[in-house]
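Residues in the sequence shown are numbered from 57 upward in steps of one, following our numbering.
What follows is a short report on a single structure.
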Amino acid sequence: MQKLFAISFSFLVLFQSLNIGVEDISKISVLLDHAEYHQENYGDSFVQFLAEHYGDLKDSHENDHEEHEDLPFKHQHQTCVHTSVAFTFDIIEFDFTYDTFTEIPFNFFYKESVSLFEKPSVFQPPRLA
Numbered sequence: 057m058q059k060l061f062a063i064s065f066s067f068l069v070l071f072q073s074l075n076i077g078v079e080d081i082s083k084i085s086v087l088l089d090h091a092e093y094h095q096e097n098y099g100d101s102f103v104q105f106l107a108e109h110y111g112d113l114k115d116s117h118e119n120d121h122e123e124h125e126d127l128p129f130k131h132q133h134q135t136c137v138h139t140s141v142a143f144t145f146d147i148i149e150f151d152f153t154y155d156t157f158t159e160i161p162f163n164f165f166y167k168e169s170v171s172l173f174e175k176p177s178v179f180q181p182p183r184l185a
């Protein structure tokens with residue numbers, strides 16, 4: 057059971073690391089339609105179509121027609137940075153004045169109620185006869 061659990065979570069992490077969402081899966085039909093369009097008009101194979109839209113030829117083919125925004129896997133969420141900047145205009149003043157030291161007299165007196173110097177009559181040393 058633990059192995060099945062570990063394997064299923066491994067596949068979950070792998071699937072999430074590929075950054076594939078439900079929106080991308082729903083756009084697979086758009087990808088296939090656009091590949092068919094390229095095959096009919098340009099005579100491209102599917103591998104060449106993938107190279108033109110997702111591979112090395114992407115930069116040269118990017119401006120040929122406008123249907124590229126609807127293709128799946130075209131989002132760049134890895135480089136997205138969400139930052140929050142808060143500007144506060146509070147004036148902070150530090151007061152470095154020193155007060156003079158005032159010695160406070162002690163107002164308590166403690167007297168211990170038990171003294172070890174007094175010996176009770178029960179605990180006297182033995183007397184020699």
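Ideal placement from N, C-alpha and C gives every residue a C-beta, glycine not left out.
Checklist entry - By Cβ distance below 8 Å, which residues in the same chain neighbour TYR93 in space, the five residues on each side in sequence not counted? => result Numbered from its first residue, the sequence shown carries residue 93 at position 37. Excluding sequence neighbours, TYR93 sits near GLU123.
Item to check | Integer Cβ distance of PRO128 from ILE84, believed to fall under 8 Å | outcome: One-based indexing of the sequence shown puts residue 128 at position 72. One-based indexing of the sequence shown puts residue 84 at position 28. At roughly 6 Å, the Cβ-Cβ gap stays under 8 Å, so PRO128 and ILE84 are in contact.
Next on the checklist: Quick check on DSSP: helix, strand or coil for VAL78?
Outcome noted: The residue labelled residue 78 in the question sits at position 22 within the sequence shown. Helix at VAL78.
Item to check | Whole-angstrom distance between THR156 and TYR166, CA atom to CA atom | outcome: In the sequence shown, residue 166 corresponds to position 110, counting from 1. In the sequence shown, residue 156 corresponds to position 100, counting from 1. Rounded to whole angstroms, TYR166 to THR156 spans 29 Å at the Cα level.
Item to check | Endpoints, the alpha helix (DSSP H) within which ASN97 is located | outcome: Along the sequence shown, read from residue 1 onward, the residue named residue 97 stands at position 41. Here the alpha helix (DSSP H) through ASN97 covers 84-97.
Checklist entry - Measuring CA to CA, which of SER116, GLU149, PRO182, GLU125 is closest to VAL86? => result Here residue 86 is taken as the residue at index 30 of the sequence shown, counted from 1. Checked all of SER116, GLU149, PRO182, GLU125; the closest Cα to VAL86 is GLU125.
Checklist entry - Are the CB atoms of HIS117 and HIS109 nearer to each other than 8 Å? => result Counting from one through the sequence shown, the residue named residue 117 turns up at place 61. Counting from one through the sequence shown, the residue named residue 109 turns up at place 53. Against a cut-off of 8 Å, the Cβ pair of HIS109 and HIS117 comes out as a contact.
Next on the checklist: Quick check on TYR154: does DSSP put it in helix, strand or coil?
Outcome noted: Counting from one through the sequence shown, the residue named residue 154 turns up at place 98. It is coil, neither helix nor strand.
Checklist entry - Rounded C-beta distance between ALA91 and PHE105? I'm assuming under 8 Å. => result On the sequence shown, residue 91 is found 35 positions in, with the first residue counted as 1. On the sequence shown, residue 105 is found 49 positions in, with the first residue counted as 1. Between ALA91 and PHE105 a beta carbon distance of about 5 Å is seen, short of the 8 Å cut, so the two are scored as contacting.
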